[in-house]
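Protein sequences appear in the order of chains A and B.
First residue of the first sequence? That's 1 in the working numbering, and the numbers climb one at a time after it.
First residue of the second sequence? That's 1 in the working numbering, and the numbers climb one at a time after it.
By construction, the Cβ of each residue, glycine as well, lies at the ideal position given by its N, Cα and C atoms.
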Amino acid sequence: MNIFRLAGDMTHLMSVLVLLLKIHTIKSCAGISLKTQELYALVFATRYLDIFTDFISVYNTIMKLIFLGSSFSIVWYMRRHKLVRRSYDKEQDTFRHFFLVLPCLLLALVMNEKFTFKEVMWAFSLYLEAVAILPQLVLLQRTKNIDNLTGQYVFLLGAYRAFYIFNWIYRYFTEPHYVHWITWISGLVQTLLYADFFYYYFNSWKNNVKLHLPA
Amino acid sequence: SSTEKVHDEL
Numbered sequence: 001m002n003i004f005r006l007a008g009d010m011t012h013l014m015s016v017l018v019l020l021l022k023i024h025t026i027k028s029c030a031g032i033s034l035k036t037q038e039l040y041a042l043v044f045a046t047r048y049l050d051i052f053t054d055f056i057s058v059y060n061t062i063m064k065l066i067f068l069g070s071s072f073s074i075v076w077y078m079r080r081h082k083l084v085r086r087s088y089d090k091e092q093d094t095f096r097h098f099f100l101v102l103p104c105l106l107l108a109l110v111m112n113e114k115f116t117f118k119e120v121m122w123a124f125s126l127y128l129e130a131v132a133i134l135p136q137l138v139l140l141q142r143t144k145n146i147d148n149l150t151g152q153y154v155f156l157l158g159a160y161r162a163f164y165i166f167n168w169i170y171r172y173f174t175e176p177h178y179v180h181w182i183t184w185i186s187g188l189v190q191t192l193l194y195a196d197f198f199y200y201y202f203n204s205w206k207n208n209v210k211l212h213l214p215a
Numbered sequence: 001s002s003t004e005k006v007h008d009e010l
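Pasting the structure below:
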């Protein structure tokens with residue numbers, strides 16, 4: 001465990017917990033894409049199939065349980081909680097899961113480290129994670145008005161991506177057999193998707209104005 | 001590290 005990996009995990013954890021806490025406290029999910037949240041729940045469910053078969057560390061197991069629990073809680077709040085679901089921008093959040101899930105599944109069947117159920121699902125989760133933010137970015141574009149917490153949520157996710165890339169670079173040079181092409185390429189694609197958002201986020205922060213995305 | 005690859009990242 002290096003400092004970049006830890007910082008990446010912590011910003012990832014914070015992004016999910018900030019969102020869950022926001023929804024729980026103000027009983028609103030305005031500006032949050034349910035499609036993206038459902039895709040993340042699917043990402044964690046398919047990636048952590050090894051949770052009971054491969055023990056890595058107590059840290060690893062606990063983090064997996066927190067990610068699974070918090071992502072499914074967010075989906076539950078947005079779909080089932082009678083106050084929260086009323087604030088959901090259903091008409092604006094029109095991205096189809098199918099268009100992201102199917103190509104990722106096909107890609108995972110072709111490109112994986114080993115053709116086993118667990119490895120195909122692992123690859124699928126990496127590909128899906130790379131693009132799962134798209135419905136959220138589309139929703140941000142449409143609603144224009146981005147409150148601080150939604151902005152912070154996407155910012156923390158972007159920070160997590162950046163730290164993970166530093167972690168891979170660090171591990172590449174410090175661990176002799178550390179080569180994971182699938183992880184790196186899908187991770188890089190995911191980070192690039194945030195670059196555009198970051199540009200506007202930093203501009204609004206620098207000029208101390210409310211975040212607005214262009215049409 | 002072992003030869004059997006395990007995914008140790010989240």
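CB contact check: residue i to chain E, cutoff 8 Å
i              : result
M10 of chain A : Among the protein chains of the structure shown, namely A and B, there is no chain E.
Beta carbon of residue i nearer than 8 Å to that of residue j
i               : j               : result
S28 of chain A  : D93 of chain A  : no
F95 of chain A  : K144 of chain A : no
L156 of chain A : M1 of chain A   : no
V16 of chain A  : S71 of chain A  : yes
A30 of chain A  : D89 of chain A  : yes
L128 of chain A : V43 of chain A  : yes
W122 of chain A : R171 of chain A : no
H97 of chain A  : L19 of chain A  : no
M78 of chain A  : R85 of chain A  : yes
L10 of chain B  : D196 of chain A : no
F198 of chain A : G158 of chain A : yes
Segment limits, alpha helix (DSSP H) that includes residue i
i               : result
K144 of chain A : First-last for K144 of chain A: undefined, no H or E at that position.
E119 of chain A : F117 to V131
N60 of chain A  : V58 to R80
F52 of chain A  : First-last for F52 of chain A: undefined, no H or E at that position.
H97 of chain A  : H97 to V110
Whole-angstrom distance between residue j and residue i, CA atom to CA atom
i               : j               : result
V101 of chain A : E91 of chain A  : 21 Å
F173 of chain A : K210 of chain A : 41 Å
L192 of chain A : F163 of chain A : 13 Å
K64 of chain A  : Y200 of chain A : 32 Å
F117 of chain A : A45 of chain A  : 13 Å
L213 of chain A : V154 of chain A : 13 Å
E113 of chain A : T183 of chain A : 10 Å
I146 of chain A : N167 of chain A : 30 Å
A7 of chain A   : I74 of chain A  : 23 Å
L149 of chain A : L137 of chain A : 14 Å
L49 of chain A  : H177 of chain A : 24 Å
W205 of chain A : G151 of chain A : 11 Å
Q141 of chain A : N207 of chain A : 20 Å
S125 of chain A : I23 of chain A  : 25 Å
F67 of chain A  : Y160 of chain A : 14 Å
I133 of chain A : V189 of chain A : 11 Å
T61 of chain A  : D54 of chain A  : 10 Å
I169 of chain A : L139 of chain A : 33 Å
T11 of chain A  : R5 of chain A   : 10 Å
Problem - Continuous alpha helix (DSSP H) assignments of at least 4 residues falling wholly in the segment 3-50 of chain A - result: Scanning the segment 3-50 of chain A for uninterrupted alpha helix (DSSP H) segments of 4 residues or longer gives 3-26 and 34-47, listed from N- to C-terminal end.
Exercise for the section: Give, in chain order, every unbroken run of the alpha helix (DSSP H) that is at least 4 residues long and sits entirely within the segment 135-198 of chain A. Expected result: Complete alpha helix (DSSP H) runs here, min 4: 148-174.
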